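Participant: In short: position in the sequence shown from 1, add 107, done, that's the numbering used here.
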Amino acid sequence: MEATITLGSDYVVPEEERLTAARGETYARLLGRLSHQSVVKHFDAYADIDWEAAEFRVDPEDPRWELSSDDPLGATAWYRAQSPATRARLGLHLVATKMRIGAQFENALQRGLLEFAFTLPPGAAEFRYVYHEVIEEGQHSLMFEEFVKRTRLDVGGLGFWDRLGSRRVVVSARRFPALFFIFVLGGEDPIDHVQRTALRSGDPIHPLLKRIMQIHVTEEARHLCFARHYLRTRVPELSRVRKAMLALQAPFILGPMAQIMMRPSGHLVRTYAIPKAVVAEAYTANPRHRESVVASLAKLRDLCREIGIITPWSVRLWQAAGIWQ
């Protein structure tokens, strides 16, 4: 199959799409523009990645999988004391775990978007774009799972309670769409932040991982735009009670979501027998890790301020969740 879109050496990380208010663009026209872009610039998990290419081969002992000294775990003496093969395998396992969790998150996202679309009235501005996004997220899931399969590692994903919670999120897409889109951004923003930072860093990245991140970031620029502008458009229409519910629940969704996306799973910790003290050093008690988590939610925090769901009393909840700057 031929690639639908070429991502060459001149690839530039795209900026997130925005509503061009200066040209009088409305929310409905923005959605039309996003839908058009989904038609002319979309990716296929198998046409746009040559999985059999020699440069894309996944070798668990490839040193390019090793964590850098800028990584919270990679900076620990425990990690540096491991053999090169173990360091590489652990780094690959961490990437694969994030891919697996990403695929599970995309699954919940797709189900939620379909629930949301099911409730829309005829002629709703969001209907067409939602289906474009569901299709694109399906390709992302295929892409992530194919990567996981090729590592041949025993990769864990979301824990029991997180999987159970994802079912409640899907229901919220029908009953309380604004809360659902807070969840969407809570999962997408941190990983988008991490991937954009990696692509812009200039550090060596395994070609397959780089290709996957380029595809993901390019399409997420549209998905994030939609979620943000949905909230900007619809939250002001909510009752005071519903706005208060958003203000109350947002930090308790965003805090755990960011941690899921930005630290190793319990399965990975057990697999490599990472000591509790090392986990604390790298993550729990690490100011740099906390700063990274806070930075990953900067856009979403600004959005919550803009739409009025960060209040004097809810700030304390953000602080308690460890996501307040």
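Idealized CB from N, CA, C, for every residue including glycine. Predicted model, so just to flag it, every value in this text is computed and none were measured.
Name the two residues that bound the continuous alpha helix (DSSP H) containing G198.
Facilitator: The sequence position of residue 198 within the sequence shown is 91, counting from 1. Where G198 is concerned, the enclosing alpha helix (DSSP H) stretches over 191-226.
Participant: Check H313 in the structure and name its three-state DSSP category.
Facilitator: Along the sequence shown, one-based indexing puts residue 313 at 206. Coil at H313, not helix or strand.
Participant: What is the residue span of the alpha helix (DSSP H) that L407 lies within?
Facilitator: Taking the sequence shown and counting its residues from 1, one reaches residue 407 at position 300. 405-413 is the span of the alpha helix (DSSP H), which, as asked, contains L407.
Participant: Three or more C-beta pairs closer than 8 angstroms, one from the region 260-274 and one from the region 329-341: is that the case here?
Facilitator: Output reads no: the region 329-341 does not touch the region 260-274.
Participant: Given a cut-off of 9 angstroms on the beta-carbon distance, is the pair R140 and E240 in contact?
Facilitator: On the sequence shown, position 33 is the one that residue 140 refers to. On the sequence shown, position 133 is the one that residue 240 refers to. Cβ atoms of R140 and E240: not closer than 9 angstroms.
Participant: Could you tell me the alpha carbon to alpha carbon distance between G209 and P394, rounded to whole angstroms?
Facilitator: Residue 209 sits at position 102 when you count from the first residue of the sequence shown. Residue 394 sits at position 287 when you count from the first residue of the sequence shown. Each residue's alpha carbon lies about 25 angstroms from the other.
Participant: Less than 9 angstroms between the beta carbons of A313 and R171, yes or no?
Facilitator: Locating residue 313 in the sequence shown gives position 206, where the first residue counts as 1. Locating residue 171 in the sequence shown gives position 64, where the first residue counts as 1. In the sequence under discussion, the amino acid at residue 313 is His, which differs from the Ala named in the question. Closer than 9 angstroms, so yes.
Participant: Which class does E388 belong to by DSSP, given the choice of helix, strand or coil?
Facilitator: Indexing the sequence shown from 1 puts residue 388 at position 281. It is helical.
Participant: When DSSP labels each residue in this structure, what does A129 get in the three-state scheme?
Facilitator: Against the sequence shown, residue 129 aligns to sequence position 22. Here A129 scores only 44 on pLDDT, less than 50, and its place in the model is too uncertain to base an answer on.
Participant: Should L375 go down as buried or exposed, given a rule of 16 or more other Cβ atoms within 10 Å for buried?
Facilitator: Taking the sequence shown and counting its residues from 1, the one referred to as residue 375 is at position 268. That one is buried.
Participant: DSSP three-state label for K148, please.
Facilitator: Here residue 148 refers to the residue found at position 41 of the sequence shown. In this structure, K148 counts as coil in the three-state DSSP scheme.
Participant: At the level of alpha carbons, what is the spacing between E222 and T193?
Facilitator: On the sequence shown, residue 222 is found 115 positions in, with the first residue counted as 1. On the sequence shown, residue 193 is found 86 positions in, with the first residue counted as 1. Answer to the nearest angstrom: the Cα atoms are 43 angstroms apart.
Participant: For I414, does the count of other Cβ atoms within 10 angstroms reach 16, so buried, or fall short, so exposed?
Facilitator: Within the sequence shown, residue 414 is the residue found at index 307, counting from 1. The residue in question, I414, is buried, as its Cβ has 16 or more Cβ neighbours within 10 Å.
Participant: By DSSP, does Y379 sit in helix, in strand, or in coil?
Facilitator: The residue labelled residue 379 in the question sits at position 272 within the sequence shown. Three-state DSSP puts Y379 in coil, outside helix and strand.
Participant: Step through the CB atoms of chain C and report whether any lies within less than 9 angstroms of the CB of A357.
Facilitator: No chain C is present in this structure, which holds just one protein chain.
Participant: Using three-state DSSP, classify I430 as helix, strand or coil.
Facilitator: Counting from 1 along the sequence shown, the entry for residue 430 is found at position 323. I430 falls in the coil class under three-state DSSP.
Participant: Tell me where the alpha helix (DSSP H) around I360 begins and ends.
Facilitator: Here the question's residue 360 lines up with position 253 in the sequence shown. Residues 347-369.
Participant: Going along the chain, which residues of its own chain have a beta-carbon closer than 6 angstroms to the beta-carbon of G198, five neighbours each way excluded?
Facilitator: As a working mapping, residue 198 is identified with position 91 in the sequence shown. Excluding sequence neighbours, G198 sits near W172, E173, L174.
Participant: Please name the residue in A387, R397, Y236 whose C-alpha comes closest to that of W185.
Facilitator: Here the question's residue 185 lines up with position 78 in the sequence shown. Taking only the C-alpha atoms, the option nearest W185 is A387.
Participant: I242: buried (16+ other C-beta within 10 angstroms of its C-beta) or exposed?
Facilitator: Walking along the sequence shown from the start, residue 242 turns up at place 135. Flag for I242 reads exposed.
Participant: Tell me which residue opens and which closes the alpha helix (DSSP H) that D177 is part of.
Facilitator: Residue mapping note: residue 177 aligns to position 70 of the sequence shown, counting from 1. Here D177 belongs to no alpha helix (DSSP H), and DSSP marks it neither H nor E.
Participant: Assuming Y236 and S142 form a contact by the criterion Cβ under 8 angstroms, report the distance between their Cβ atoms to the nearest whole angstrom.
Facilitator: As a position in the sequence shown, residue 236 is number 129, starting the count at 1. As a position in the sequence shown, residue 142 is number 35, starting the count at 1. That belief holds up - the Cβ atoms of Y236 and S142 are roughly 5 angstroms apart, short of 8 angstroms.
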